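Protein chains in written order, with the numbering used here: chain A, 6 to 326; chain B, 6 to 326; chain C, 6 to 326; chain D, 6 to 326.
Here it is as structure tokens:
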């Protein structure tokens, strides 16, 4: 962040931003080294790695985009930002008795820390933590189907778009190959940190990971985090300003699994990645940014997505530090 | 951060800040629950837990203080911010081949990750990482005495104060009880990640941890991190703006060991704590803050120091998120 | 040990053994400190801790017993000795590509080592290893029901007793609470070290753990391990002498989870315990011993069962060392 | 084992044993694949891998040998059997409050378990455990020099040979490269599980590892473990029969670090290896066997030494199982 007077979205020079997005997109679309799409389920594996899209929602509700910003993709773990927001709204800070707020220093699906810490996942963004969040959501709604419905309604509300939906083929494929997540859920249950049957929790989890959104939808959906908890398009409050700041803090320290420190060092923005190649980043007070490029780096984050954010944050002076 | 136009130190209302510091100090000085000072060496154990001081340097070079802001204390691990800065200046990014940038998720003196990761410490702020940084500094200066001199000269430069010094009694006491650190240094050496004898590296490490500074000195010394790498008092550049941002990012993700996530969540500022009860925090673009209260919480961070920063950041709207 | 004639059961003084069993039983039956039965499933939790039985089969086929040696109990993990024997008979040494032969140094249901070692369990007696063994058995028989039938036929063969059966209530209760084992099975599957669906493998596992036998049956069933692989009652060969020795070696180093070293130190005999309070021990060349007392010590092994074996081995001079 | 007369060395056919040793030696001397000698210190690295020697002491005091059975080599970790014996004689079972009796499942110099278990090493044969044993010996004698003298006197006593000595060049080389052991000693000290300065403990440790003995000396020195605690040559008691059995049990479960289970499975005898290429094995009641071949396998145990023991145990029917 440049820390000049221009600390809100309204002060951003639209022409400069438009040019930056166009040039970054042109450069990255021409790259031959794009990483490989996730290959553990067919619906992700067959996505063409040549896709690239980016969208920015400023806090004054201007929207900028480049590339395939309207093409829907599987948001995967980015959904965890929204399920956490929803669960905090229901359970409040009592949620933190069941899941920590510390970076894990381990891969997204590690089970090791779970054993050392008796079933309390390190944070809500690793898979084990997101399963606990899904369980918390289930505990109110009772049935997986209702809970999935509730999550979708929340996503439509924050995106201000009734077309947001989960892809049932992706959810089925996740379930068919999700033995590592089944291991985590059963382990959590055996530690007493799930209140609902592992199968129900997994059902909710696989469905919210299977939600499909475009960069434009995702940037709008995340804009409340950049705008003190309030959706700049609708003016409706989603969370309090303090809770928005705190969710941003969690994205900063835990949003990229064992690559979180490196991302903070290189880009300096709170963000959350998904294995579908999407990343949602927040520039507090200024903008939310969604980027999508399906090819992943070795840690399972979008290779060109990270690079796009690094280029954009550098050009626009967008860093919280 | 409120993300109002007031995004630099000059825009801060001095009266409001002055009042905030006085009221926070008055409230915390009256607390009976203050935690216990570190007890592993006599010079720290005999410090009166009733002490409390706080100092703020704004980026327009105004200085505000309350309580015992001029009383020197042992800065301990806060020194790691400055040795890292110095080592990056010498070795540049090649330093990152020897030490990581990820939160450790473990206690400050854990040796476990070191074995799993073959002698590459997770980050430069855990003890093992700081030993590697000390080794990097030694490799240029050749002798421990010279290296210690170089570190002191750097601290005097950034604090703009020739009186900064290490307390030899503290350094001796650290050495006499520093078997855990000796274990780490020998382990690193056995992995080939120290180039100098463990005893030399430990000598440098114990001395820079034994540096004594007041809150006022520390706030001035850290001001370059809030001011794009340039000391606001002297106008001299210490590091590039980008490097300042990156050091802030490391403080945010790794500055409080296994309490980093929680601190980011509660306070939302890059900061580094020391077992002497001091904390240095950075409000990018606006201010550096040093606080001191010798009593520690269960994770070895200043109990009232964290609380003071939480109160101050809340009152002033100072959060990067 | 030189397997000369004087090392066989025929040389044992029957009167001395009879007296030893009676006196040990009398002493242990009078103990008030008996440990607590396993409480994770009702069928085990409601077993009266006052039970005590012991039986010895000598390699000359004499049988000695005291206490409730004919009362059936749940053999639980003791069954792993027999499933391993059966799987080695089918898969031979290729089984060792999927499971190790080293003590784990961890609790019976730890999942940590599994992650560090990429899905290869340390040995066939910890739960993860036994699941791999169950999978190996399933791979031949195709259906869980057939595999369970095959295991039961094998147990009836070695015990020379057609009445051996699994208790369906115990198997159901194991399944209802077996989330830790479900976690292990799903984890193994995700590592590619199960060839059959986790549910099928768990079905086989829960059923063989639910087998019910008396001390007398169990001592007969294990006698082939003391007799060079040949059942002394029927004269039929079960395994080669070398394989019998090797199974004994595994029981010695891995039979009591993280209490294996201590048991070897105190008793000095290959043995395998079960959470139902039973222990099967082998005196190579001389005898197999089965003891049952439902109360467990802190590591999940029969408190008085271990003591009985310690007393018996001391009185009879039965130690492999 | 029933300690009846037929189980003693007197019943061994000397001609058969002599032939076995000659044929095994001839076969192994001709092998081209011999492994590599330890290369971490020059005195071990320059040993010719072509050496091979073997010696057997029967409990009736007959001695058999083949190859270079009289050539001295560095016994290294085999010395831990003797320091443990000596420390148990001094401290008795109270030693077990400071060191465990469980297999570690980890490499010989791992520091990980130490952290998880708060400074209590898993067993006396991993390096950390042997350092605690050395500390226990030091606590009585006060000075490293005296303690080293005491250990040497004990080795001369059990070997019945006044020429046993430590090689000072090896001890110096161990110290010069022993940073991993220095890490362990400092760590143990920091946990309060060493009573003497780490340097003193390391001095004792490096010296007893530097003891030089031949196969013939070593077989005689270990014979008390095969003979109920009594040296068959001198008739003098070293330890009680029960303690001899228990030391054998520890060698069985912990003698080969993370290869202990595999060795038990393949050879079935209590034994302890050293990185100098020696192995001492015990056939309870019958014999002690010392073998030496400097080339090591991947786990740091003598490649041909293990093979020799496997061949010998198979030919002579020597297995405790």
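Glycine included, C-beta positions come from ideal geometry on N, C-alpha and C.
Please read these numbers as outputs of a predicted model, since none were measured by experiment.
Supposed contact pair residue j and residue i - C-beta distance, whole angstroms, cut 8 angstroms
| i | j | result |
| --- | --- | --- |
| residue 126 of chain C | residue 137 of chain C | 6 angstroms |
| residue 275 of chain B | residue 253 of chain B | 4 angstroms |
| residue 281 of chain C | residue 80 of chain C | 6 angstroms |
| residue 76 of chain C | residue 58 of chain C | 6 angstroms |
| residue 163 of chain C | residue 243 of chain C | 6 angstroms |
| residue 186 of chain B | residue 132 of chain B | 6 angstroms |
| residue 221 of chain B | residue 74 of chain B | 5 angstroms |
| residue 141 of chain C | residue 96 of chain C | 5 angstroms |
| residue 297 of chain A | residue 78 of chain A | 5 angstroms |
| residue 160 of chain D | residue 152 of chain D | Contact flag wrong, Cβ pair sits at about 13 angstroms. |
| residue 30 of chain C | residue 55 of chain C | Actually they are not in contact, since the Cβ atoms of residue 30 of chain C and residue 55 of chain C sit about 12 angstroms apart, beyond 8 angstroms. |
| residue 317 of chain B | residue 16 of chain B | With 8 angstroms as the limit, residue 317 of chain B and residue 16 of chain B do not qualify as a contact, their Cβ atoms being about 17 angstroms apart. |
| residue 46 of chain A | residue 182 of chain A | 6 angstroms |
Start and end residues, alpha helix (DSSP H) containing residue i
| i | result |
| --- | --- |
| residue 310 of chain C | 308-321 |
| residue 4 of chain D | Nothing can be reported for residue 4 of chain D: it is not among the residues displayed for chain D, which extend from 6 to 326. |
| residue 195 of chain C | 184-195 |
| residue 31 of chain B | 19-34 |
| residue 199 of chain A | Where residue 199 of chain A is concerned, there is no enclosing alpha helix (DSSP H), given that its DSSP letter is neither H nor E. |
| residue 15 of chain B | Segment: none, residue 15 of chain B is in no alpha helix (DSSP H) and carries neither H nor E. |
| residue 47 of chain A | 47-50 |
Contact set between residue i and chain D, taken where Cβ atoms lie within less than 7 angstroms
| i | result |
| --- | --- |
| residue 200 of chain B | Chain D residues near residue 200 of chain B: none, gap ~13 angstroms exceeds 7 angstroms. |
| residue 270 of chain C | 106, 251, 254 and 255 |
Per-residue contacts from residue i into chain B (C-beta, under 7 angstroms)
| i | result |
| --- | --- |
| residue 267 of chain A | 106 and 107 |
| residue 203 of chain D | 184 |
| residue 273 of chain A | 250 and 254 |
Per-residue contacts from residue i into chain D (C-beta, under 8 angstroms)
| i | result |
| --- | --- |
| residue 226 of chain C | Near residue 226 of chain C there are no residues of chain D at all, since even the closest Cβ is about 18 angstroms away, more than 8 angstroms. |
| residue 65 of chain C | Near residue 65 of chain C there are no residues of chain D at all, since even the closest Cβ is about 13 angstroms away, more than 8 angstroms. |
| residue 24 of chain C | Within chain D, no residue comes near residue 24 of chain C; the closest Cβ sits about 16 angstroms away, beyond 8 angstroms. |
Chain-ordered chain A contacts of residue i [CB-CB under 7 angstroms]
| i | result |
| --- | --- |
| residue 195 of chain C | 184, 185 and 188 |
Limits of the beta strand (DSSP E) - the one that residue i falls within
| i | result |
| --- | --- |
| residue 59 of chain A | 58-63 |
| residue 69 of chain B | 68-72 |
| residue 164 of chain A | Residue 164 of chain A -> not in any beta strand (DSSP E); alpha helix (DSSP H) instead, spanning 149-164. |
| residue 295 of chain D | 292-297 |
Per-residue contacts from residue i into chain C (C-beta, under 7 angstroms)
| i | result |
| --- | --- |
| residue 253 of chain A | Here the premise fails: no neighbours, minimum Cβ distance about 31 angstroms. |
| residue 152 of chain D | Under the 7 angstroms cutoff, chain C gives no residues; its nearest Cβ is about 26 angstroms from residue 152 of chain D. |
Chain B contact residues for residue i, given Cβ-Cβ distances below 8 angstroms
| i | result |
| --- | --- |
| residue 90 of chain A | Here the premise fails: no neighbours, minimum Cβ distance about 14 angstroms. |
Contact set between residue i and chain D, taken where Cβ atoms lie within less than 9 angstroms
| i | result |
| --- | --- |
| residue 131 of chain B | Chain D residues near residue 131 of chain B: none, gap ~14 angstroms exceeds 9 angstroms. |
| residue 220 of chain C | Correct list: empty, because the minimum Cβ distance to chain D is about 22 angstroms. |
9 angstroms Cβ cut-off: residues of chain C touching residue i
| i | result |
| --- | --- |
| residue 156 of chain A | Chain C residues near residue 156 of chain A: none, gap ~24 angstroms exceeds 9 angstroms. |
| residue 128 of chain D | 266 |
| residue 289 of chain D | 6, 324, 325 and 326 |
Those residues which DSSP pairs with residue i across a bridge
| i | result |
| --- | --- |
| residue 100 of chain A | DSSP output for residue 100 of chain A lists no bridge partner at all. |
| residue 288 of chain D | D:292 |
| residue 176 of chain D | DSSP, once it has assigned bridges, lists no residue as partnering residue 176 of chain D. |
| residue 41 of chain B | B:301 |
| residue 133 of chain C | Per DSSP, none; premise fails for residue 133 of chain C. |
| residue 170 of chain B | B:217 |
| query | Which residue spans inside the segment 215-284 of chain A form an unbroken beta strand (DSSP E) run of at least 3? | reply | Correct list: 216-218 and 276-278.
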